[in-house]
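Structure first, commentary second.
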Amino acid sequence: MINQILSYILPIKIFKKPSEYSKNLEVTWNNGQLVLDSENTNYSYGSLQRILRKGLKYIGFERIKNFESILVLGVAGGSVIKTLVNEVHFTGKITGVEIDENIIEIANTYFQLDTIPNLEIVIEDAFEFILKSQTTYDLIIIDIFQDTTMPSFLFEKYFINKLNQSVKVNGFILFNTMVLTKKDKERNQVFSNSFDTHYSVRMYPKVEDHNELFTIKKLA
Numbered sequence: 001m002i003n004q005i006l007s008y009i010l011p012i013k014i015f016k017k018p019s020e021y022s023k024n025l026e027v028t029w030n031n032g033q034l035v036l037d038s039e040n041t042n043y044s045y046g047s048l049q050r051i052l053r054k055g056l057k058y059i060g061f062e063r064i065k066n067f068e069s070i071l072v073l074g075v076a077g078g079s080v081i082k083t084l085v086n087e088v089h090f091t092g093k094i095t096g097v098e099i100d101e102n103i104i105e106i107a108n109t110y111f112q113l114d115t116i117p118n119l120e121i122v123i124e125d126a127f128e129f130i131l132k133s134q135t136t137y138d139l140i141i142i143d144i145f146q147d148t149t150m151p152s153f154l155f156e157k158y159f160i161n162k163l164n165q166s167v168k169v170n171g172f173i174l175f176n177t178m179v180l181t182k183k184d185k186e187r188n189q190v191f192s193n194s195f196d197t198h199y200s201v202r203m204y205p206k207v208e209d210h211n212e213l214f215t216i217k218k219l220a
């Protein structure tokens, strides 16, 4: 494909659509790979896939491979789901929660997300989903952005408590955050301190340029 080859020289945009949640959604050929971006940041594939792949490696591919259920809050184009299926070889149940139906349409059209047999997509606000959920998961991946902004509910104690109830003992939370300001850094520190001795919290700063990753293991 000529666009794929030319994208090693210059990114080539092939699709753009306004979004209620992310200003604009764009599909672009970049360095030979299709990526999904919002107006100001990468949403799937590209740098975001590298970031979350590192997080999965911190937890351990072999450990994840033996899990039974994974919840992904914030699907976008589905790059972390593709990593789970194609690289980790996870065959258990994956539930993906995404508020923006337009993103899922793009993910199905350009990234074939609807071909993954062990994936269920739920179109819903992640906060509402967690509040209602009675299911527990071995791994919860949180990757929720509105362009470069993270919704405030992600750092509220009530959400964190409900999130903790949704993780199995010896299960993990993998949380991708964006740190652009000193206030963001302080926010992350408060988040880290909100877990008691029943959890093992590790923070990995400077994953790519502006991302900090948390891995949180539930011990009891």
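Just so we're aligned: the sequence shown equals residues 1 to 220 in full-length UniProt numbering.
Heads up, the beta-carbon is just placed ideally off N, CA and C, and yes, glycines get one too.
Fill in: Residue(s) in a DSSP beta bridge with R202
For the purposes of this step, residue 202 is taken as the residue at position 202 of the sequence shown. The partner list for R202 (beta bridge, DSSP) reads T215.
Worksheet item: Which residues does DSSP pair with E26 in a beta bridge?
Response: Here residue 26 refers to the residue found at position 26 of the sequence shown. Per DSSP, K16, D37.
Item to complete: Would you kindly work out how many angstroms separate the C-alpha atoms of I123 and V97, rounded to a whole number?
Response: To locate residue 123, count along the sequence shown from 1; it is residue 123. To locate residue 97, count along the sequence shown from 1; it is residue 97. In a straight line, the C-alpha of I123 is about 6 Å away from that of V97.
Practice prompt. Could you work out which residue in S22, L10, E26 is closest to K16 when comparing CA atoms only?
Written response: Within the sequence shown, residue 16 is the residue found at index 16, counting from 1. Out of S22, L10, E26, E26 has the C-alpha closest to the C-alpha of K16.
Practice prompt. For my contact list, I141 and L174 are in at a C-beta cut-off of 8 Å; report their separation, rounded to the angstrom.
Written response: One-based indexing of the sequence shown puts residue 141 at position 141. One-based indexing of the sequence shown puts residue 174 at position 174. I141 to L174, Cβ: 5 Å. Contact.
Item to complete: Could you tell me whether any non-hydrogen atom of the ligand ATP is closer than 6 Å to the CB of D147?
Response: Here there are no bound small molecules, and the ligand ATP is not part of this structure.
Fill in: C-beta atoms of V179 and S192 nearer than 7 Å
Translated into the one-based positions of the sequence shown, residue 179 becomes position 179. Translated into the one-based positions of the sequence shown, residue 192 becomes position 192. No, the Cβ-Cβ distance between V179 and S192 is not below 7 Å.
Worksheet item: In chain order, which continuous runs of the alpha helix (DSSP H) of length 4 or greater are located wholly inside the stretch 120-145?
Response: 126-132
Practice prompt. Taking 7 Å as the cut-off, decide whether the C-beta atoms of L36 and S44 are in contact.
Written response: As a working mapping, residue 36 is identified with position 36 in the sequence shown. As a working mapping, residue 44 is identified with position 44 in the sequence shown. Yes, the Cβ-Cβ distance between L36 and S44 is below 7 Å.
Worksheet item: Leaving out the 5 sequence neighbours to the left and right, which residues in its chain are closer than 7 Å to K157 when beta-carbon positions are compared?
Response: What you label residue 157 is simply residue 157 of the sequence shown in a count that begins at 1. Excluding residues within five positions, the ones whose Cβ falls inside 7 Å are S194.
Discussion item. Contact between the stretch 102-115 and the stretch 73-83 is defined here as three or more beta-carbon pairs at a separation below 8 Å; is this criterion met?
Written reply: yes
Discussion item. Contact defined as beta carbons within less than 8 Å: I believe F90 pairs with I70. What is the distance between those atoms, to the nearest angstrom?
Written reply: Looking up residue 90 in the sequence shown gives position 90. Looking up residue 70 in the sequence shown gives position 70. About 7 Å; that satisfies the 8 Å criterion.
Item to complete: With a threshold of 16 other CB atoms inside 10 Å of the CB of I2, please say whether the residue is buried or exposed.
Response: By 1-based counting over the sequence shown, the position of residue 2 is 2. With fewer than 16 Cβ atoms within 10 Å of its Cβ, I2 is classed as exposed.
Worksheet item: Rounded to the nearest angstrom, how far is the Cβ of I51 from that of V75, given a contact under 8 Å?
Response: Translated into positions along the sequence shown, residue 51 becomes position 51. Translated into positions along the sequence shown, residue 75 becomes position 75. Their Cβ separation, rounded to whole angstroms, is 15 Å, which puts I51 and V75 out of contact at 8 Å.
Discussion item. For the beta strand (DSSP E) containing F175, name the first residue and the last one.
Written reply: Residue 175 sits at position 175 when you count from the first residue of the sequence shown. Taken as a continuous stretch (DSSP letters only), the beta strand (DSSP E) holding F175 covers 167-178.
Practice prompt. Report yes or no: is there a C-beta of chain B within less than 7 Å of the C-beta of D125?
Written response: Of the protein chains in the structure, only one exists, and it is not chain B.
Discussion item. Quick check on the DSSP output: the beta strand (DSSP E) that includes E208 runs from which residue to which?
Written reply: Here residue 208 refers to the residue found at position 208 of the sequence shown. First-last for E208: undefined, no H or E at that position.
Worksheet entry | Among T28, I99, P11, nearest to S22 - alpha-carbon criterion | The count along the sequence shown starts at 1 and reaches residue 22 at position 22. Here the closest residue by C-alpha is I99.
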